[in-house]
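Student: Chains as they are written, first to last, in the numbering used here: chain A, 1 to 304; chain B, 1001 to 1090; chain C, 2001 to 2250. Ideal placement from N, C-alpha and C gives every residue a C-beta, glycine not left out.
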């Protein structure tokens, strides 16, 4: 395995993408994207719909061809059985043969994934209330997602990618997924890349956060560092401007005489004092807010 | 102390984050590691924590209380009466 | 590559995990057996139905002449759908389960080959039964193919097996075109084929070559028709399909 030391000491990178560009027709879906995915992390790939998350994952798994350098486990993943044998991609548009039932999907998975755990798969299927003999065509959107989750978790693949795994799942099952994911990750560590637009729900699970917007990487950082780094300052416009002077402002929102600024750079020791003095309020910024305030709609000022 | 894995599962957070939290507590002297056995709360940790919070009480709680009261037009005397009343009520 | 899945189950799992073949191509071939009770009965069920109808008709009518009704074609016809769907359905599924295009293509052809051999053997056996019972007691010639009756068993077997393979080559090719270029691609191909066929017919008609063509076909031996010509056609379609599927991104 290649060791390209980046920030995590001796761990290696499971996937590396450099200068990847992908266009469909006239549209650029990925624009000079570079990213590394470190071994044994839960890495979040965040961004709203159409930002390029799915395409990036498909590039990583050799499902689509793109310009640029792509390495997974040190090699190009396209048509590479050695690499793909260690990868499990749970896509939101995964198609199953019409005549398959849930149990056939699990049987196929047992054949195709080297590290498949059948007992674990059965237990998960029960937890997610998936009837073994239900035809895949008769599964609701939520059940299809659940099936994908079962396959992804039970595969024990060293690199597992979940693309929008929450679609159609109610809150209880989403919670179940997160609990099972954490438990599995703790007991059998592996590299997990998780894409979603439900940022707040998965925020605590992530160790690394990459935000994609319109095909470009806008944030790529340690999750905890990110949370610590941004602060929300709100109050009278002049006071907020005063506070943010000399600091990196990620985004500002204004409503008549009140404004709210998202400031990077983290809290400084005398910030509390300064805030009180100026009459502004300081609040932590959730990952969701951070992503929303630095991408797409808010930035462009457009109303959805 | 529960293990990092147990803490992570309980709080539903990434084990790496839980580990960072534990390391921070060790650095602060609240926890210490006994080789081969596990993490334990250090003796005197509770008292130290209480002391720390006491010294910050004024700036973290009292000052904001006074500021908020001032904003609402409640003077210090009124505030003192309120505190007495609330204190008695307990 | 490691061997079979390590047995980590402590409980008696409801679904017994199948043994995992080492080679990816063999794995794909094995994959095509999953859920076989929901796929194999179709061609044989329809064949059985067609046979039953023929049997009833021949049983009720007093026919002195043994006749071949051509009902056997039904099973080949039904198989077209299966072959196409190996690529329009099975291929996207397998890609999503970390299978490479190459492994899927080769593995599926391995399975198709084995299936054709097995199907052919069953049909041949039924043919022998038919001869032994004198046309199932009603002089029905359903499984027997007349013009190879005097030939050796090997050729008779080929007569059953090769059409499966040829139809598979064509069906699979169409399936790959669809997966690679979508419905539009398939229509374009069809248009192209019809156009070419039209031109050929025109040219042949103009040059009054029809008789020569007819003579040539009649002159071909059974061996050539079943063990000769189909092979290059299958190879060409197979190679073209392989080149196409390597760039498919369903």
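1) Could you check what DSSP says for residue 2212 (chain C) in three-state terms: helix, strand or coil?
2) Which value, in whole angstroms, describes the spacing of the CA atoms of residue 1025 (chain B) and residue 244 (chain A)?
3) Are any of the Cβ atoms in chain C nearer than 9 Å to that of residue 3 (chain A)?
4) State the Cα-Cα distance for the pair residue 118 (chain A) and residue 1011 (chain B), rounded to the nearest angstrom.
5) Which residue's Cα is closest to the Cα of residue 2153 (chain C): C:2107, C:2222, C:2140 and C:2097?
6) Could you list the residues in the region 45-71 of chain A with a C-beta less than 9 Å from some C-beta on chain C, going in chain order?
7) Indicate whether residue 2136 (chain C) and residue 2047 (chain C) have their beta-carbon atoms separated by less than 9 Å.
8) Going by DSSP, what residues sit across from residue 135 (chain A) in a beta bridge?
9) If residue 2107 (chain C) and residue 2027 (chain C) are in contact, beta carbons under 8 Å, what's the gap, nearest whole angstrom?
10) Using a Cβ cut-off of 9 Å (strictly closer), state whether residue 178 (chain A) contacts chain B.
11) Are the CB atoms of residue 141 (chain A) and residue 94 (chain A) nearer to each other than 9 Å?
12) With 7 Å as the limit, tell me which residues of the region 271-282 of chain A have their beta carbon closer than that to any beta carbon of chain B; keep them in chain order.
13) Evaluate contact between the region 71-89 of chain A and the region 242-259 of chain A, counting only Cβ atoms and requiring at least three cross-stretch pairs below 8 Å.
14) Just to confirm the assignment, what range does the beta strand (DSSP E) spanning residue 196 (chain A) have?
15) With 8 Å as the C-beta to C-beta threshold (strictly closer), list the residues of the region 86-108 of chain A near chain C in chain order.
16) Taking only three categories from DSSP, how would you classify residue 2097 (chain C)?
17) Could you check whether the Cβ of residue 1067 (chain B) sits closer than 9 Å to any Cβ belonging to chain A?
18) Anyone know if the C-beta pair for residue 256 (chain A) and residue 285 (chain A) falls short of 9 Å?
19) Starting from residue 19 (chain A), follow the beta strand (DSSP E) in both directions and report where the run begins and ends.
20) Suppose only complete runs of 4+ residues qualify. What are the alpha helix (DSSP H) ranges in the region 2072-2156 of chain C, listed by chain order?
21) Taking the straight line between their C-alpha atoms, what separation do you get for residue 1031 (chain B) and residue 1039 (chain B)?
22) Closest to residue 109 (chain A) by C-alpha separation, out of C:2034, C:2209 and C:2186, would be which residue?
23) Taking C-beta pairs closer than 9 Å, name the residues in chain A that residue 1012 (chain B) reaches, listed in chain order.
24) Buried or exposed: which applies to residue 1990 (chain C), given that a residue is buried once 16 or more other Cβ atoms fall within 10 Å of its Cβ?
25) Just to confirm, is the Cβ distance from residue 160 (chain A) to residue 152 (chain A) under 9 Å?
26) Could you give the distance in angstroms between the alpha-carbon of residue 182 (chain A) and the alpha-carbon of residue 1052 (chain B)?
27) Determine whether the Cβ of residue 2243 (chain C) lies closer than 9 Å to any Cβ atom of chain A.
28) For the beta strand (DSSP E) holding residue 1031 (chain B), just list the boundary residues, first then last.
29) Counting pairs of beta carbons, one from the region 2092-2101 of chain C and one from the region 2137-2150 of chain C, are three or more of them closer than 8 Å?
30) When the Cβ atoms of the region 52-66 of chain A are set against those of the region 127-134 of chain A, are three or more pairs found closer than 8 Å?
31) Quick one: give me the first and last residue of the alpha helix (DSSP H) that residue 156 (chain A) is part of.
32) Just to confirm before moving on: does the CB-CB distance between residue 223 (chain A) and residue 209 (chain A) stay below 9 Å?
33) What in chain A is Cβ-close to residue 2099 (chain C), meaning under 9 Å?
34) Pick out whichever of A:173, A:104, A:48 and A:148 has its Cα sitting closest to the Cα of residue 134 (chain A).
35) Against residue 2206 (chain C), what residues of chain A qualify as contacts under a CB-to-CB distance less than 7 Å, listed in chain order?
36) Within 10 angstroms of its Cβ, does residue 1089 (chain B) collect 16 or more other Cβ (buried), or is it exposed?
Tutor: This is what the structure gives:
1) Reduced to three states, the DSSP call for residue 2212 (chain C) is helix.
2) Cα-Cα distance, rounded: 32 Å.
3) Unreliable placement is indicated for residue 3 (chain A), whose pLDDT of 38 sits below 50; no coordinate value is reported for it.
4) In this structure, the straight-line span from the alpha carbon of residue 118 (chain A) to that of residue 1011 (chain B) is close to 29 Å.
5) Of the listed residues, the one whose Cα sits closest to residue 2153 (chain C) is C:2222.
6) Close to chain C, meaning a Cβ-Cβ distance shorter than 9 Å, are the following residues of the region 45-71 of chain A: 58, 61, 62, 63, 64 and 65.
7) No, the pair does not count as a contact, with Cβ atoms beyond the cut-off.
8) Answer by DSSP bridge pairing, in chain order: A:101.
9) Correct: roughly 7 Å between the Cβ atoms.
10) Closer than 9 Å: yes.
11) No.
12) Listed by position, the residues of the region 271-282 of chain A near chain B (Cβ gap below 7 Å) are 276.
13) Taking one beta carbon from each stretch, the region 71-89 of chain A and the region 242-259 of chain A have fewer than 3 pairs nearer than 8 Å; the two do not touch.
14) Where residue 196 (chain A) is concerned, the enclosing beta strand (DSSP E) starts and stops at 191-196.
15) Among the residues of the region 86-108 of chain A, those with a Cβ less than 8 Å away from any Cβ of chain C are 87, 88, 89, 91, 94, 95, 96, 97, 98, 99, 100, 101, 103, 104, 106, 107 and 108, in the order of the chain.
16) For residue 2097 (chain C), the secondary structure class from DSSP, reduced to helix, strand or coil, is coil.
17) So, interface residue.
18) Not closer than 9 Å, so no.
19) Counting along the chain, the beta strand (DSSP E) containing residue 19 (chain A) begins and ends at 13-24.
20) Inside the region 2072-2156 of chain C, DSSP marks whole alpha helix (DSSP H) runs of 4 or more residues at positions 2073-2085, 2091-2095 and 2101-2132, from first to last along the chain.
21) If you take the alpha carbons of residue 1031 (chain B) and residue 1039 (chain B), they lie about 7 Å apart.
22) Measuring C-alpha to C-alpha distances from residue 109 (chain A) to each of C:2034, C:2209 and C:2186 identifies C:2034 as the nearest.
23) At a beta-carbon threshold of 9 Å, the residues of chain A lying near residue 1012 (chain B) are 175, 178, 179, 182, 204 and 205, ordered along the chain.
24) Here chain C has residues from 2001 to 2250 only, and residue 1990 (chain C) is not among them.
25) Yes. Within cutoff.
26) Roughly 34 Å separates the two Cα atoms.
27) Not an interface residue.
28) The continuous beta strand (DSSP E) containing residue 1031 (chain B) extends over residues 1031-1034.
29) In this structure the region 2092-2101 of chain C does not touch the region 2137-2150 of chain C; the number of beta carbon pairs closer than 8 Å is below three.
30) Put simply, the region 52-66 of chain A does not touch the region 127-134 of chain A. Fewer than three CB pairs are less than 8 Å apart.
31) Note, residue 156 (chain A): premise wrong, no alpha helix (DSSP H); not H, not E.
32) Yes, these two residues count as a Cβ contact at 9 Å.
33) Correct list: 81, 84 and 112.
34) For residue 134 (chain A), the nearest C-alpha among the options comes from A:104.
35) By Cβ distance, chain A contributes nothing, its closest Cβ being about 44 Å from residue 2206 (chain C), past 7 Å.
36) By the neighbour-count criterion, in which a residue is buried when 16 or more other Cβ atoms sit within 10 angstroms of its Cβ, residue 1089 (chain B) is exposed.
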